[in-house]
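If you want the numbering used here, it's the 1-based position in the sequence shown plus 140.
All residues carry an ideal CB built from backbone N, CA and C; glycine is no exception.
Structure record follows, encoded as structure tokens.
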Amino acid sequence: MSYIQKEVVFFNKDVTLAGTLTLPRTSGRHPAVVLLHGSGPLNRDHEFFGMKTFWIIADHLTRRGVAVLRYDSRGVGGSGGAPYQFTLQDVAEDALAAIRYLKTRNDINPARIGLCGISQGAIVAPIAASGSEDVAFIICLAGIGVPGAQAQIAQMTSIAKANGASEQEIAELVENLKRIISLVRNEADEAEIRPLITTMLKNQCVSMSQKSEKQTQDNKAADTHVDCVLSWYKSPWFRFFIDYDPKTALKQVMCPALFLFGELDTQVPLQANRTVIGDVLKKSGNKDYTLKTIPGANHVFQVANTGSPYEYLSLEKKFAPGFLEFVSDWVLKRVDIVTQ
């Protein structure tokens with residue numbers, strides 16, 4: 141292998157976080173990137189429908205001279221904790237714990253450690269950067285610029301459109317989601333929320349394949365699905381997320397920042413987020429920020445047809461052309477690579 145790979149463990153208070161650190165073979169103190177995963181239980185490779193998102197990014201960056209730390213999300217693999225039993229602030233503290241760990245190593249340049257987050261990670265990176273001067277730069281892949289509840293509604297609307305839902309069906313889905321969010325905010329009983337989730341999941345089946353629809357409508361499978369979704373809506377993660385406004389952290393980000401968006405992203409729709417983020421960064425006085433849209437790309441920056449999540453299984457397990465090179469070129473303009 142053209143680079144060194146080490147299994148590492150670090151800690152955020154009483155939570156153990158286990159990961160993999162890849163290092164160039166050259167001697168000296170290397171710039172580094174910490175990869176921040178999306179929401180949900182994900183391993184250090186950010187394995188997503190067969191695509192090892194973070195392995196690919198780590199491999200590419202390390203071959204270009206940048207050390208990369210990627211780690212299992214809470215409750216997965218070697219990491220402690222439990223999925224969704226935390227807030228975005230907790231995950232930001234995990235990211236800063238990763239930086240503190242890297243700063244103890246004699247093969248890492250402590251002044252050139254950045255964060256690269258996708259989806260949830262793209263919300264977390266600005267939170268971490270806004271509260272610490274240890275963050276040298278941030279890369280946000282498919283990050284939101286609007287409050288969580290608004291982002292959830294935009295996501296549901298965009299996915300439903302991509303799946304061929306009618307305007308009436310979309311309106312019903314949105315109204316249902318708004319009611320769920322209101323009940324969650326008011327700490328309503330599960331008995332009040334469950335029927336709304338059941339209705340929402342049935343309505344979401346409208347444009348799915350017959351096989352998927354049959355599986356979803358099977359009584360036992362449907363009950364299990366409702367339980368999972370209900371648990372998510374009632375979690376500390378979701379309660380924090382719906383009332384979190386990313387502009388709070390974005391306006392405090394003064395380090396170099398790269399924001400990438402997928403043209404066909406239905407989970408973080410381009411039109412609802414890019415302009416907002418750009419406006420905040422401009423008004424805040426950040427002197428080094430870049431916003432770029434990847435043509436034809438979905439939420440995880442694969443070339444897509446509609447951008448619907450239902451396409452993930454059928455898409456090639458690789459990034460859109462030019463995506464990796466754009467990211468690494470941007471980083472290399474802001475760090476010094478050890479060449480010997």
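query                                                                                                                                           : result
Alpha carbons only, please: which of Met-394, Thr-339 and Phe-189 is nearest the one belonging to Ser-270?                                      : Met-394
Quick one: what's Glu-147 bridged to in DSSP?                                                                                                   : Thr-160
By the DSSP assignment, the alpha helix (DSSP H) with Tyr-241 in it spans what residues?                                                        : 228-243
Can the beta-carbon of Ala-282 be found closer than 9 angstroms to that of Phe-441?                                                             : yes
Could you say if the stretch 265-279 and the stretch 185-192 meet the contact criterion of at least three C-beta pairs nearer than 8 angstroms? : no
Taking the DSSP output, what are the residues bridged to Thr-433?                                                                               : Phe-401
In or out: Asp-469 buried (at least 16 other Cβ within 10 Å) or exposed?                                                                        : exposed
Select from Met-141, Ser-142, Tyr-143 and Ala-158 the residue whose C-alpha is nearest the C-alpha of Val-149.                                  : Ala-158
Three Cβ pairs or more, each shorter than 8 angstroms: is that satisfied between the stretch 314-321 and the stretch 403-413?                   : no
Report the three-state DSSP secondary structure of Asp-469 (helix, strand or coil).                                                             : helix
Which first and last residues belong to the alpha helix (DSSP H) in which Pro-376 is found?                                                     : 376-382
Rounded to the nearest angstrom, what separates Arg-325 and Arg-379 at their Cα positions?                                                      : 7 angstroms
Measure the C-alpha to C-alpha separation of Leu-404 and His-439 and round it to an integer number of angstroms.                                : 7 angstroms
With respect to the alpha helix (DSSP H) encompassing Pro-266, which residues constitute its N-terminal and C-terminal limits?                  : 260-270
Quick one: what does DSSP say Val-420 is sitting in, helix, strand or coil?                                                                     : helix
Pairing CB atoms from the stretch 210-219 with CB atoms from the stretch 171-182, are three or more of them under 8 angstroms?                  : yes
Can you look up His-177 in the DSSP assignment and give me helix, strand or coil?                                                               : coil
Would Gln-145 and Thr-160 be called neighbours here (beta carbons separated by less than 9 angstroms)?                                          : yes
Buried or exposed, going by whether 16 or more other CB atoms sit within 10 Å of the CB of Cys-368?                                             : exposed
Cβ atoms of Leu-400 and Phe-466: under 9 angstroms apart, would you say?                                                                        : yes
Roughly how many angstroms lie between the CA atoms of Gln-225 and Phe-151, to the nearest whole one?                                           : 17 angstroms
Tell me which residue opens and which closes the alpha helix (DSSP H) that Ile-333 is part of.                                                  : 330-344
Out of curiosity, what's the CA-to-CA distance linking Ser-349 and Leu-323?                                                                     : Unreliable positioning characterises Ser-349 in this predicted model, as indicated by a pLDDT of 44, which lies under 50. A coordinate reading is not provided.
Are Gly-257 and Ile-279 closer than 9 angstroms when you measure CB to CB?                                                                      : yes
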